[in-house]
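See structure below.
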Amino acid sequence: MDKTKDIIKLIHSLVPSDKKIRIMNVCGSHEHTIAFSGMRSLMPENLEIIPGPGCPVCVCPESDIINAINLSKRDNAILVTYGDMLRVPTQKGSIRAEGKNFRMITSPFEALNIAKSNPGRKIVFFSIGFETTTAPTAGILEMGVPDNLFILSSHRLTPTIMEILVKDAEIGIDGFIAPGHVSAIVGANAWNVFSEKYGIPTVVAGFEAENLLLGILEILQQFKNGKAQTGNVYKGVVKPEGNTQAQRLMDKYFEVADVNWRGIGHIPASGLELRDEYAERDARKVFELEEIKEAKTPGCVCGTIILGKAYPSACKLFKKVCTPKTPKGPCMVSAEGACNIWYKTG
Ligand code: SF4
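Okay, here's the thing in structure tokens:
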């Protein structure tokens, strides 16, 4: 406890009184710890900790969800995906409300098992998320999947979206808390670009409040010294080079693609699709899926929140008509969504 108090004291000593410093976290679990621990209330007035694009469910485009709904209605098909994805609202409803044959899974290995135990059916695994979930999907492909398992890939790349954020002057990011889980896969070195090219201190942190505070402290120390670099206060889990085996498998099965991000739009080279060599496993190709036009959810400013340009409380629907039980946008669905977290923590 004393150590935590000391870190907070040091943080206060490093934040200038005449300038706002904006540090962004890029991980729903980080935002969860920050909000539930009440950390923001202990920070100096001039230090803002902004939630960024850390919620995989929130950035998954409507088009993919609607395609998933349609796939669940095909004869003999079963759509399998992570629990939060079932509840994400779209212009055509959610998978839970509008889908037909679908099952919730908690890992790609369950998708594999469902395919093995239903050899006469077509199992479509709607695989979403950042590098943390791409790696195990590549893992099951490497293990060998049965002919009746198909992948609808909606994976997104964290470093790419962070670079988009850095270039947007309206956001004005002074430092990044790099995501702990993603860093375990891509490695701390993956963030070097932010210090080397953009002069933005970037520190990998874990999920305990004290560890996050240490990350914030290191960003501020770098900021004060005028020397940006990649820091890592989560060294027990995150290596500089990351998980090279996982990276090799991801690269073997997936290739970088231009994709849509919900509420943000089309971003070149920001997603992962299955390589052509694995076209027979690719649900987009096998079922000839079409890109469905994205529609704006009336009143929802989720995209703006993900980009760090607004807090959930700026949305007129927040807590009024949009609640975890009646989500109007994706950021209210998942426990990693900023709106959901802010709803629960006030
Ligand atoms: Fe969208 Fe609901 Fe968040 Fe508003 S409160 S931005 S409607 S998810």
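Numbering (this note's numbering), first residue to last: 3 to 348.
For each residue, glycine too, the CB sits at the ideal point set by N, CA and C.
In three-state terms, what does DSSP make of residue i?
i, result
"ASP278", "helix"
"ILE1", "This structure cannot settle anything about residue 1, because the visible part of the chain is limited to 3 through 348."
"ASP4", "helix"
"ILE51", "strand"
"PRO161", "helix"
"ILE173", "coil"
"LYS327", "coil"
"THR83", "strand"
"ARG105", "strand"
"LEU151", "strand"
"VAL168", "helix"
"GLU220", "helix"
"MET262", "The sequence given here places Asn at residue 262; Met does not occur at that position. DSSP places ASN262 in strand when its eight states are reduced to three."
"GLY30", "helix"
"LYS346", "helix"
"ILE9", "helix"
"PHE289", "coil"
"ILE294", "coil"
"SER272", "strand"
"GLY267", "strand"
"GLU64", "helix"
"GLU257", "strand"
"LYS94", "coil"
"PRO314", "helix"
"ALA186", "helix"
"CYS57", "coil"
"GLY146", "coil"
"MET45", "coil"
"ALA337", "coil"
"PRO332", "helix"
Look at the Cβ atom of residue i, then the Cβ atom of residue j, and state whether they are nearer than 8 Å.
i, j, result
"LEU222", "VAL17", "yes"
"CYS317", "CYS60", "no"
"SER129", "ILE97", "no"
"VAL184", "GLY208", "no"
"ALA211", "MET41", "yes"
"ILE80", "PHE104", "yes"
"PHE225", "THR204", "no"
"PHE320", "CYS304", "no"
"SER272", "VAL261", "yes"
"ASP176", "ILE23", "yes"
"LEU2", "VAL147", "There is no way to answer for residue 2, as the model of the chain reaches only from 3 to 348."
"ILE187", "GLY244", "yes"
"GLU64", "GLU296", "yes"
"ILE9", "LEU291", "no"
"ASP86", "VAL335", "yes"
"ARG277", "GLU293", "no"
Taking the DSSP output, what are the residues bridged to residue i?
i, result
"VAL205", "ILE179, GLY233"
"ARG24", "GLU50"
"SER129", "SER155"
"PHE320", "CYS324"
"PHE196", "Beta-bridge pairing links PHE196 to no other residue."
"GLU212", "Per DSSP, none; premise fails for GLU212."
"ASP284", "ILE153"
"LYS241", "Answer by DSSP bridge pairing: none, since LYS241 is not bridged."
"LYS124", "ALA79"
Am I right that residue i and residue j are in contact with their C-beta atoms under 8 Å? What's the rounded C-beta distance?
i, j, result
"ILE68", "THR92", "6 Å"
"ILE218", "ILE25", "6 Å"
"PRO161", "ALA192", "6 Å"
"THR135", "PRO58", "7 Å"
"ALA285", "LEU73", "7 Å"
"LYS75", "LYS102", "4 Å"
"ARG158", "PHE127", "Going by Cβ atoms, the distance from ARG158 to PHE127 rounds to 16 Å, so no, they are not a contact pair."
"ALA99", "LEU251", "In fact, because the Cβ distance is near 35 Å, the residues do not count as touching under 8 Å."
"PRO270", "ARG89", "Between ARG89 and PRO270 the Cβ distance is about 30 Å, and since that is not below 8 Å, they are no contact."
"MET343", "GLU33", "Reading the sequence as shown, one finds Ile at residue 343 and not Met. About 6 Å; that satisfies the 8 Å criterion."
Kindly indicate if chain D contains any beta-carbon less than 8 Å away from that of residue i.
i, result
"GLY273", "The chain labelled as chain D is not found in the depicted structure, where only one protein chain is given."
Using a strict less-than 5 Å threshold between each residue's beta carbon and the heavy atoms of the ligand SF4, what residues do you get?
Spelled out in chain order, the answer is CYS302, VAL303, CYS304, CYS317, LEU319, PHE320, CYS324, LYS330, GLY331, CYS333, MET334, CYS341.
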